[in-house]
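**Student:** Numbering (my numbering), first residue to last: 1 to 951.
In this text, a Cβ means the ideal position worked out from N, Cα and C, and glycines have one as well.
The structure's right below; bear with me while I get my questions together.
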Amino acid sequence: MNGLIERDGELKRVEDALTTAVAGRGATLLVEGVAGIGKTVLLAAARDHAASRGVRVLSATGAELEREYAFGIVRQLLGPVLLRADRRQRAELFEGAAALAEPVLVEHAAGTGDTLGSSLHGLFWACANLADHGPLLLTVDDVHWADDASLRFIAYLARRSADLPVLLLLAGRPINSADSGLIAGTLAGLRLETLKLNVLSADAVGELVRERLSSDADDEFCLACARASGGNPFLLAEALIALRADDVHPVAAEVGRLDTLHADNVSRALLVRLARLGPDAARLARAVAVLGPDAMAWHAASLADLEETRAASAIDALIHEGILVPGQPLTIGHPLIRTAIYSDTDSAQRGLVHKRAARLLQASDAPAERLGSHLLNCEPANDQWVVAGLRAAASEALARGAPESAAALLERALGEPPAAEARSGLLLEAGLALGMANRPDRAATVLREALDLTTDPSAQAEIAFSLGALMTMLGRSDEAVTILEPVRSSAARDDPDLSRRLLAGIALADLIAGQPVESWLGRLDQLTSRGTTGETEERVARATAAFAAAAIADRSAADVAELARQAAAGPLPAGRQHARDRFLIVNLAGPALAIADHLDPALALLSAGIEAAQRDGNAAEFAYLSVLRSHTALYAGRLLDAETDARIALDTYADHNEEPPLAVAVLIDALVDKGEIEDAQALLSSRQLDGPVPMNMLAAHFFHVARGRLRLRQRRPQDALIDLRTCGDALEAAGYTNPAFAPWRADAARAHLALGHHDHARGLADEELERSRHFGAARAIGIALRIAALVTDDRHLRLEQLRESVAALETSQAQMERARSQIAYGAALQRTGARREAEEQLRRGLDLAAHCSAQPLVAQARQELLALGIRTRRVQRTGPAALTAGERRVALLAVDGHTNRQIAQALFVTTRAVELHLTNTYRKLRINSRHALADALAAEGSVTAAPRWEA
1 MNGLIERDGE
11 LKRVEDALTT
21 AVAGRGATLL
31 VEGVAGIGKT
41 VLLAAARDHA
51 ASRGVRVLSA
61 TGAELEREYA
71 FGIVRQLLGP
81 VLLRADRRQR
91 AELFEGAAAL
101 AEPVLVEHAA
111 GTGDTLGSSL
121 HGLFWACANL
131 ADHGPLLLTV
141 DDVHWADDAS
151 LRFIAYLARR
161 SADLPVLLLL
171 AGRPINSADS
181 GLIAGTLAGL
191 RLETLKLNVL
201 SADAVGELVR
211 ERLSSDADDE
221 FCLACARASG
231 GNPFLLAEAL
241 IALRADDVHP
251 VAAEVGRLDT
261 LHADNVSRAL
271 LVRLARLGPD
281 AARLARAVAV
291 LGPDAMAWHA
301 ASLADLEETR
311 AASAIDALIH
321 EGILVPGQPL
331 TIGHPLIRTA
341 IYSDTDSAQR
351 GLVHKRAARL
361 LQASDAPAER
371 LGSHLLNCEP
381 ANDQWVVAGL
391 RAAASEALAR
401 GAPESAAALL
411 ERALGEPPAA
421 EARSGLLLEA
431 GLALGMANRP
441 DRAATVLREA
451 LDLTTDPSAQ
461 AEIAFSLGAL
471 MTMLGRSDEA
481 VTILEPVRSS
491 AARDDPDLSR
501 RLLAGIALAD
511 LIAGQPVESW
521 LGRLDQLTSR
531 GTTGETEERV
541 ARATAAFAAA
551 AIADRSAADV
561 AELARQAAAG
571 PLPAGRQHAR
581 DRFLIVNLAG
591 PALAIADHLD
601 PALALLSAGI
611 EAAQRDGNAA
621 EFAYLSVLRS
631 HTALYAGRLL
641 DAETDARIAL
651 DTYADHNEEP
661 PLAVAVLIDA
671 LVDKGEIEDA
681 QALLSSRQLD
691 GPVPMNMLAA
701 HFFHVARGRL
711 RLRQRRPQDA
721 LIDLRTCGDA
731 LEAAGYTNPA
741 FAPWRADAAR
751 AHLALGHHDH
761 ARGLADEELE
771 RSRHFGAARA
781 IGIALRIAAL
791 VTDDRHLRLE
801 QLRESVAALE
811 TSQAQMERAR
821 SQIAYGAALQ
831 RTGARREAEE
841 QLRRGLDLAA
851 HCSAQPLVAQ
861 ARQELLALGI
871 RTRRVQRTGP
881 AALTAGERRV
891 ALLAVDGHTN
901 RQIAQALFVT
911 TRAVELHLTN
921 TYRKLRINSR
931 HALADALAAE
941 GSVTAAPRWE
951 A
């Protein structure tokens, strides 16, 4: 890696990183510097070095005009692999989860409109499949101009590159500069090493001046070159070319000729050089600048109106002058050169050339997205051909999982503008794409206009559904109802089934937003008044009704469970096209079953939904359902399972720069119950969640309960009470009063007791018990009885309530809550002198608490037994109890027969991560093979047969 000046340190670091990658430990390096500082040359040197070591090199370059070409950088990287692959190699590339990448990489492949998450997941595994055949160097130059979808993939890969023999080498301008685009936000938080390129020293500039201009250049002239160029290699090189062309002698007397050495003048000098090559070369260079990655020689010649021979001569002249680099497609040697040539034409004229380029590409059957990149740069002209081209490009972008690009294309199409009769349909497409691109405010504006222009009832309903969902997500469910209700009323006359779907949408909008019961209860009654039809819409309606009834306790726990079972009966809707309905059924019926204390069926249903999300590669659905399964596992006292699901969900959300408070809440709950209070607080602090959290969605209430419980364990009862009352007051105002739904009163009673507010504590405990008995879920009744016993002054009543609590919880699968009540009951018995009964309850509670990994309960039980004079053997953190949450999840999947790669694909991690987890697990369990894993886990009761959903 020679030929560069003053870059030895950076070259050595790249060499070292490549050596580490070849050994199997990848990394991500970002070469950062201003335009012209030498980033491109450094990457070229890295590619040469890698090739000399037998490392496979894949490269791509961002372009300013290509930012809306979805996955353009990714396709530059992996496209050549496909071109050279035979049928067997192609099958290997798309093996397993990598099949999700095929619509991204293969032109005209059957796209399904998959989520961006599934595309990223598939692309990662395509790279992993390639890396199985040898180490890779992936270079991306001008990454600050990469399209958004490719940037997200770069971040996704970078987070996992340490576990692959892959070096990801990026080069871009400083990420705080105006040209940094989306890179600052997308790459934020990544563990990448930045190599900042400095300007050349005066000595280095002098060396270059003497090498390229004259070996006897004056020192004063060389110093003047250093000052004038600022040590920028590109500006210096271009200036030296101009000085040589003007036959300037490098002596002190000519220093004044350097006063104009800055970027603008260098650009003008470059254009003068171009003009000297003649009109054919100038026209062809401008054609190449417009075409960008599409600049095949015949395309450029056609766009420049040059016949073949003249075009070939022009290409040779441009290569000789250093403006073009050899090869196909034709490429301008440096972004600054391209910018100078491209900007030399006024924008209106450039727009016309881009439109001609799009027509040329269409004539050669290029993908619609390639046309779209050019049509984005045309001036609006009421051209319906342009509108059609932009819509087709957006459709391809959506099929590849790139809604951001689709949204930009469709908004540009709206500005063309479209014909009046096509506007409402285009508005709907744009609104949906904007929603998927996480731009809900803009999406809502566009969809409102679409709804106003639409007269067809079914089209109105489709728009209203999407707009209502956006309003709900924005915490504006009242507006969602205002939008949906008129459409429903209109549909009720002609299409009862459509009316019912809209009615379900209205009820769900209010329910999710935590709106008062009276706003939606009547609608739910209408939905469930008919018998079950087995249709998907009916199942969604029953799931909604089950969840609502669980929240407000207007039906018994048994009735809620029956409604939820009816909703989930039969196979879940299959395929990505039914993902939304499947998600709603699982998302609503699963928690309803859990609230009704049918915990195993709830876990089984949520697991079935998670497995479907894994098959589809839908990371967002996988993460959210993992959060719900974590919450349900907490109900069951499966703390390790709960922690595992919560951590996996948070890791998955991190790939999309998201972190819903509910996901943090379930992990806080698991850590608190395990006794890891410092870790729980660190989690809060690292997410800046110590302060107020918006309450505009129902899920936020659970965060306040979790944080309140943490504050109780931190002996901060006043702070705990603030959180618990924030949640409780909002839920009470809305009518969501079921203790099994959100047991805030029980914890608030404990906070009042700690503050000496005995009457308040008793009032809350009594209300909790009354409401729990009314609903009839054993878990909630058991908790309420225990809290009532805690706050009463009547010793005999306390014993009776604790006995009842244990009895109620023995009919429930909530093992940790049963352990709490048994330990509390044993402690109370011990104080009455009933030693034998006390010991029995305490030992049973201790065993259950240990099984749940609830260390604070274990310590409490051991202390109470010690008061009886009974010493218990301290459980060592070895064997299954020593496994981390991640190790446990991997081990259980391995026991189920999954391969390492299947486990990695299911958990959205790398194969290396799975291997490390299993290695640590074998060491902790003192085994040396996968075959011994099931027995080792089962020996201490760590393997519990996962409940399976019976369709």
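1) In or out: residue 688 buried (at least 16 other Cβ within 10 Å) or exposed?
2) Can you give me the Cβ contacts of residue 266 inside the same chain, cut-off strictly under 7 Å, excluding the 5 residues immediately before and after it?
3) On the DSSP bridge assignment, give the partners of residue 56 in chain order.
4) Please check the pair residue 738 and residue 506, which I expect to be a contact at CB under 8 Å, by giving their CB distance rounded to whole angstroms.
5) Count the other CB atoms, across all protein chains shown, that sit within 10 Å of the CB of residue 523; report buried if there are 16 or more and exposed otherwise.
6) According to the Cβ coordinates, are residue 904 and residue 895 closer than 9 Å?
7) How would you write the range of the beta strand (DSSP E) that residue 32 sits in, first residue to last?
8) Which of the three DSSP states is assigned to residue 169 in this structure?
9) With DSSP as the reference, please indicate the residues paired to residue 141 in a beta bridge.
10) Does the beta-carbon distance from residue 403 to residue 444 come in below 9 Å?
11) Could you please give me the residues that DSSP links to residue 196 through a beta bridge?
12) Let me know if residue 945 comes out buried or exposed under the rule of 16 or more other beta-carbons within 10 Å of its beta-carbon.
13) Based on the DSSP secondary-structure assignment, which residues constitute the bridge partners of residue 325?
14) Answer yes if the segment 29 to 44 comes into contact with the segment 154 to 174, meaning at least three C-beta pairs across the two stretches below 8 Å, and no otherwise.
15) Among the residues of its own chain, which have a CB less than 7 Å from the CB of residue 356, if the five just before and after it don't count?
16) Evaluate residue 194 with the Cβ neighbour count: other Cβ atoms within 10 Å of its Cβ, from every protein chain shown; 16 or more gives buried, anything less gives exposed.
17) Within the continuous alpha helix (DSSP H) that includes residue 727, where are the two ends?
18) With distances taken from CA atoms, which of 836, 784 and 792 is nearest residue 818?
19) Could you give the DSSP three-state label for residue 531: helix, strand or coil?
20) Assuming residue 278 and residue 162 make a contact with CB atoms under 8 Å, what is their CB distance in whole Å?
21) Among residues of its own chain, excluding the 5 on either side of residue 432, which ones have a beta-carbon nearer than 7 Å to its beta-carbon?
22) Excluding the five sequence neighbours on either side, which residues of its own chain have a C-beta within less than 7 Å of the C-beta of residue 534, listed in chain order?
23) Near residue 560, which residues of its chain fall below 6 Å by C-beta distance, leaving aside the five closest residues on each side in sequence?
24) Taking only the alpha-carbon atoms, compute the straight-line gap between residue 448 and residue 456 and give it to the nearest angstrom.
25) Nearest to residue 51 by alpha carbon, out of 134, 317 and 95?
26) Please go through the same chain and pick out, in chain order, the residues whose beta-carbon is closer than 7 Å to the beta-carbon of residue 204, but skip the five residues on each side of it.
27) Give me the Cα-Cα distance between residue 951 and residue 392, rounded to the nearest whole angstrom.
28) According to the neighbour-count rule (16 or more other Cβ atoms, all chains shown, within 10 Å of its Cβ), is residue 198 buried or exposed?
29) Check whether the segment 638 to 652 touches the segment 817 to 833, taking contact to mean three or more Cβ pairs, one atom from each stretch, closer than 8 Å.
30) Which residue from 788, 525, 539 and 468 puts its Cα closest to that of residue 512?
31) Alpha carbon to alpha carbon, how far is residue 39 from residue 214? Give it in angstroms, no decimals.
32) Count the other CB atoms within 10 Å of the CB of residue 360; is the residue buried (16 or more) or exposed (fewer)?
33) Applying the 10 Å Cβ sphere with the 16-neighbour rule, what's the burial state of residue 291?
34) Count the other CB atoms within 10 Å of the CB of residue 91; is the residue buried (16 or more) or exposed (fewer)?
35) In chain order, what are the residue ranges of uninterrupted beta strand (DSSP E) at least 3 long that sit wholly in the segment 905 to 939?
36) Give the C-beta separation of residue 93 and residue 81 to the nearest angstrom, bearing in mind that I take them to be a contact with Cβ-Cβ under 8 Å.
**Tutor:** Straight from the coordinates:
1) So residue 688 counts as exposed.
2) 235, 238 and 239, listed in sequence order.
3) Partner(s): 136.
4) Residue 506 and residue 738 do not touch by the CB rule: their CB atoms are close to 22 Å apart, not below 8 Å.
5) Answer is buried; the Cβ neighbour count reaches 16.
6) Against a cut-off of 9 Å, the Cβ pair of residue 895 and residue 904 comes out as no contact.
7) Element bounds for residue 32: 27 to 32.
8) Correct three-state label for residue 169: strand.
9) According to the DSSP secondary-structure assignment, residue 141 is paired through a beta bridge with 61.
10) Remark: C-beta atoms of residue 403 and residue 444 do not approach each other more closely than 9 Å.
11) Residue 196 pairs with 32.
12) With a pLDDT of only 47 at residue 945, under 50, the local geometry of the prediction cannot be trusted, and the value read off the model is given with reservation. Result: exposed.
13) Answer is 331, bridged to residue 325.
14) These segments touch.
15) These residues qualify, in order along the chain: 303.
16) Result: exposed.
17) 717 to 734 is the span of the alpha helix (DSSP H), which, as asked, contains residue 727.
18) With distances taken between Cα atoms, residue 818 lies closest to 784.
19) In this prediction, residue 531 has a pLDDT of 48, which is less than 50 and means its spatial position is unreliable; what the coordinates show is noted afterwards. Collapsing the DSSP output to three states places residue 531 in coil.
20) 53 Å between Cβ atoms; not a contact.
21) Cβ neighbours of residue 432 beyond the five flanking positions: 466.
22) Note that residue 534 has pLDDT 48, beneath the 50 cutoff, so the model's placement of it is unreliable and the number below is only indicative. Excluding residues within five positions, the ones whose Cβ falls inside 7 Å are 570.
23) Counting only residues of its own chain and dropping the five nearest sequence neighbours on each side, residue 560 has a CB closer than 6 Å to the CB of 546, 549, 550, 592 and 596.
24) Residue 448 and residue 456 have their C-alpha atoms some 15 Å from each other.
25) Considering only alpha carbons, the answer is 134.
26) Within the same chain, residue 204 has close Cβ partners 5 and 6.
27) Note that residue 951 scores a pLDDT of 48, beneath 50, so its modelled location is shaky; the value from the coordinates is reported in the next line. Approximately 40 Å, taken between the alpha carbons.
28) Exposed.
29) Counting C-beta pairs with one atom in each stretch, the segment 638 to 652 and the segment 817 to 833 have fewer than three that are closer than 8 Å, which means they do not touch.
30) Checking every option, the nearest Cα to that of residue 512 belongs to 468.
31) The alpha-carbon atoms of residue 214 and residue 39 are separated by roughly 26 Å.
32) With 16 or more Cβ atoms within 10 Å of its Cβ, residue 360 is classed as buried.
33) Classification for residue 291: buried.
34) Answer is exposed; the Cβ neighbour count stays below 16.
35) Those beta strand (DSSP E) runs which fall completely within the segment 905 to 939 and span 3+ residues do not exist here.
36) Correct: roughly 7 Å between the Cβ atoms.
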